Amino acid sequence: MAEIKSTLDLVMERTRDLTMTEDDRRRQSEAELRDGAGRLVQHYVEGLIGVDKFMEELGRLEKSHGREAAKAAICEIAKRIDPDSEYGPFVVLLRDGFGKNVAGIETLIRNYRLQTGVEIAKTAQEMLEKLRGAGISGSAVVPNAACNEGLTAKLGELLERFKRDLHAAVSGLQG
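The opening residue of the sequence shown carries number 397 in my numbering; numbering runs sequentially from there.
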């Protein structure tokens, strides 16, 4: 009668001769670092840890990954900055935890918000004038600028420019 093997035995037999190349080890280490930094930032965002605990946990990551841990954490923070949402906790972490000057990032966000506000107001005004030209007016007429395709495209361009500028600013923080 044939021997019945467990799944683990089968896997072990098939992978017995496999070895990791140096490139594979490097990629695995980078993935572990990104995952660890991402988890830390997520715990901070969720309020599970504060700035001090974040930096303590980052210190543990640095023991195994060196200075790259701080760079990975800063990159992860930058990825999560949404100029249309609350960004304060990220700025606090960069400023108080990493000791970075975040004035440039705050200026980028303010400028982005100002530009989007101007574009939305301009589009709403254009829509109102178009409605008036068609004989539609009154205090109840409120144009929905968000549904304007031209505005959507313009806001997308502004967001992409913001992301590029933010990336450049964050790269400057890491240098």
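We treat Cβ as the ideally placed atom computed from N, Cα and C, and that holds for glycine. Keep in mind that this is a model prediction, so the values were computed, not measured.
Using the Cα positions of residue i and residue j, report the straight-line distance between them to the nearest angstrom.
i: residue 538; j: residue 478; result: 27 Å
i: residue 541; j: residue 510; result: 16 Å
i: residue 397; j: residue 410; result: Residue confidence for residue 397 is low, a pLDDT of 49 falling below 50, so the modelled location carries little weight and cannot support an answer.
i: residue 427; j: residue 469; result: 13 Å
i: residue 445; j: residue 487; result: 16 Å
i: residue 547; j: residue 519; result: 7 Å
i: residue 422; j: residue 413; result: 20 Å
i: residue 480; j: residue 461; result: 33 Å
i: residue 544; j: residue 512; result: 14 Å
What is the DSSP secondary structure of residue i, reduced to helix, strand or coil?
i: residue 463; result: coil
i: residue 444; result: coil
i: residue 425; result: helix
i: residue 499; result: helix
i: residue 537; result: coil
i: residue 548; result: helix
i: residue 508; result: helix
i: residue 397; result: Summary for residue 397: the model assigns pLDDT 49, below 50, so the residue's position carries little reliability; its value from the coordinates is reported in the next sentence. Coil, per DSSP.
Comparing C-alpha positions only, which one of the options sits nearest to residue i?
i: residue 485; options: 569, 496 and 473; result: 473
i: residue 459; options: 425, 448, 442 and 437; result: 425
i: residue 569; options: 490, 481 and 413; result: 490
i: residue 496; options: 417, 567 and 405; result: 567
Since residue i and residue j should fall inside the 8 Å C-beta cutoff, what is the C-beta to C-beta distance between them, to a whole number of angstroms?
i: residue 429; j: residue 466; result: Residue 429 to residue 466, Cβ: 11 Å. No contact.
i: residue 558; j: residue 508; result: 5 Å
i: residue 565; j: residue 500; result: 5 Å
i: residue 431; j: residue 504; result: Between residue 504 and residue 431 the Cβ distance is about 28 Å, and since that is not below 8 Å, they are no contact.
Give me, in chain order, the residues of the same chain whose beta-carbon lies closer than 6 Å to that of residue i; leave out the 5 immediate sequence neighbours on both sides.
i: residue 550; result: 515
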